[in-house]
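Trainee: Residue numbers (the working numbering): 335 to 474.
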Ligand code: TYD
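#1: Kindly provide the chain-ordered list of residues whose Cβ lies closer than 6 angstroms to any non-hydrogen atom of the ligand TYD.
#2: So residue 429 and residue 386 are supposed to be a Cβ contact under 8 angstroms. How far apart are they, rounded?
#3: Using a C-beta cutoff of 8 angstroms, does residue 429 count as contacting chain C?
#4: Using the C-alpha atoms, what's the distance from residue 424 back to residue 415?
#5: Pick out whichever of 396, 365, 445 and 413 has its Cα sitting closest to the Cα of residue 456.
#6: Measuring only the C-alpha atoms, how far is residue 449 from residue 378?
#7: Kindly indicate the opening and closing residues of the beta strand (DSSP E) around residue 406.
#8: Drop a sphere of 10 angstroms on the beta-carbon of residue 365, count the other beta-carbons inside from all chains shown, and report buried for 16 or more, exposed for fewer.
#9: If I follow the unbroken beta strand (DSSP E) through residue 430, where does it start and stop?
#10: Can you tell me the Cα-Cα spacing of residue 345 and residue 353, whole angstroms?
#11: I'd like to check one pair, residue 410 with residue 431: are the Cβ atoms closer than 8 angstroms?
#12: Could you pull the DSSP bridge partners for residue 339 from this structure?
Shown next, in the form of structure tokens:
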């Protein structure tokens with residue numbers, strides 16, 4: 335599985351939208367299918383249309399990536415011929431990925447902000463930084 339799309343329930347009324355995220359590996363009704371140990375958000379400089387983030391893979395990490403505002407493109411590859419380019423532009427959709435998926439985030443709109451939920455604390459050693467090292471790892 336390269337990725338999974340998770341549709342969150344959006345509660346909309348005249349006051350706006352509310353999107354709850356139920357979290358937990360053990361919880362039956364969970365939107366996020368792992369216990370979240372870390373979250374971070376990304377905002378993108380409006381003066382650099384060519385900014386690319388990500389460009390790495392992880393050995394052991396589950397993540398859900400949500401576009402909170404604006405839009406961007408998420409490119410995913412498993413290094414075995416499965417690739418997908420996904421436009422994210424809704425805050426009621428999350429993209430679930432786990433270990434050994436190469437990801438690149440690009441083509442950000444000026445108002446883009448992104449929320450990422452992660453299953454592990456930050457660990458610089460969990461990163462695979464080059465695509466050639468990634469290919470070596472997936473073909474082991
Ligand atoms: P980086 O991995 O380059 O971001 P992206 O994957 O979006 O391209 O991270 C930028 C900096 O932030 C880098 O110095 C590492 C640091 N960082 C943390 O301290 N904690 C985190 O959870 C993350 C994702 C990054």
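For each residue, glycine too, the CB sits at the ideal point set by N, CA and C.
Mentor: Checking against the coordinates, here is how it stands:
#1: In chain order, the residues with a C-beta atom nearer than 6 angstroms to some heavy atom of the ligand TYD are 372, 374, 376, 387, 388 and 456.
#2: Translated into positions along the chain shown, residue 429 becomes position 95. Translated into positions along the chain shown, residue 386 becomes position 52. The Cβ separation is near 17 angstroms, so there is no contact.
#3: Chain labels in this structure do not include chain C; a single protein chain is all it has.
#4: Reading the chain shown from its first residue, position 81 is the one you call residue 415. Reading the chain shown from its first residue, position 90 is the one you call residue 424. Straight-line Cα distance between these residues: approximately 27 angstroms.
#5: Taking the chain shown and counting its residues from 1, one reaches residue 456 at position 122. Answer by Cα proximity: 396.
#6: Working through the chain shown from its first residue, we reach residue 449 at position 115. Working through the chain shown from its first residue, we reach residue 378 at position 44. When rounded, the distance between both Cα atoms is 12 angstroms.
#7: In the chain shown, the residue the question calls residue 406 occupies position 72. Looking at the DSSP string, the run of the beta strand (DSSP E) that includes residue 406 is 406–411.
#8: Position 31 of the chain shown, counted from the first residue, corresponds to residue 365. A buried status is given to residue 365, since no fewer than 16 other beta-carbon atoms sit within 10 Å of its beta-carbon.
#9: Walking along the chain shown from the start, residue 430 turns up at place 96. Per DSSP, residue 430 belongs to the beta strand (DSSP E) from 427–431.
#10: For the purposes of this step, residue 345 is identified with residue 11 of the chain shown, where counting begins at 1. For the purposes of this step, residue 353 is identified with residue 19 of the chain shown, where counting begins at 1. Spanning the two alpha carbons is a distance of roughly 6 angstroms.
#11: For this step, residue 431 is matched to residue 97 along the chain shown. For this step, residue 410 is matched to residue 76 along the chain shown. At the C-beta level, residue 431 and residue 410 come within 8 angstroms of one another.
#12: The count along the chain shown starts at 1 and reaches residue 339 at position 5. Looking at the DSSP assignment, residue 339 forms a beta bridge with 429.
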